[in-house]
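Numbering (our numbering), first residue to last: -12 to 130.
Single-structure report; data block below.
So this is what it looks like as structure tokens:
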């Protein structure tokens, strides 16, 4: 099984506002690909989710994937919150509907195809992959 690292980040100018996302896919053979996109009216959390969706969606075969994100929303969502949300019919512990449900469902479906390790890193802390994803996400914001 192929090993892949995906660095992801989302950016938003205003929240909500125009936003961009980026996923940097590093394959074990040394090949690197960037996937970016943007939306004219969105939120930072939606861009963080879209970044991971784009990265996992770009993989053409089942892989061992290390997703590196500076978003605790994404990391905690996929490692703990999502199990309760699904059990409760996509409601939070307080009974409110889960925000961005359609993106969480898409991400969950994509992640199930792979063996995913979720790794949170502090943003703007010198991680080269995270810093590059941050730059690409900002560049992807529609002007």
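By construction, the Cβ of each residue, glycine as well, lies at the ideal position given by its N, Cα and C atoms.
All figures in this text were calculated on a predicted structure; none of them were measured in a lab.
Give me whichever residues DSSP pairs with residue i in a beta bridge.
i, result
"residue 114", "BP columns for residue 114 are empty, so no partner."
"residue 28", "For residue 28, which the question treats as bridged, DSSP gives no partner whatsoever."
Which stretch, first to last residue, makes up the alpha helix (DSSP H) that contains residue i?
i, result
"residue 35", "31 to 44"
"residue 71", "69 to 74"
"residue 91", "88 to 99"
"residue 61", "59 to 63"
Apart from the five residues on each side of it in sequence, which residues of its chain come closer than 6 Å, Cβ to Cβ, to residue i?
i, result
"residue -10", "15, 51"
"residue 64", "none"
"residue 110", "57"
With distance defined between alpha-carbon atoms, name the residue in the options nearest to residue i.
i, options, result
"residue 127", "70, -6, -1, -7", "-1"
"residue 12", "129, 125, 120, 130", "120"
"residue 19", "71, -3, 2, -8", "-8"
"residue 90", "44, 117, 113, 17", "44"
"residue 96", "21, 69, 22", "69"
Leaving out the 5 sequence neighbours to the left and right, which residues in its chain are closer than 7 Å to residue i when beta-carbon positions are compared?
i, result
"residue 61", "35, 36, 39"
"residue 49", "-12, 100, 101"
"residue 103", "52, 54"
"residue 117", "-6, -4, 55, 57, 108, 110"
Name the two residues that bound the continuous beta strand (DSSP E) containing residue i.
i, result
"residue 48", "First-last for residue 48: undefined, no H or E at that position."
"residue 106", "102 to 107"
In chain order, what residues of the same chain lie with their CB nearer than 8 Å to the CB of residue i, ignoring the 5 residues before and after it?
i, result
"residue 3", "28, 29, 30"
"residue 84", "77, 78"
Quick check: the segment 5 to 13 against the segment 24 to 34, are there 3 or more CB pairs under 8 Å? yes
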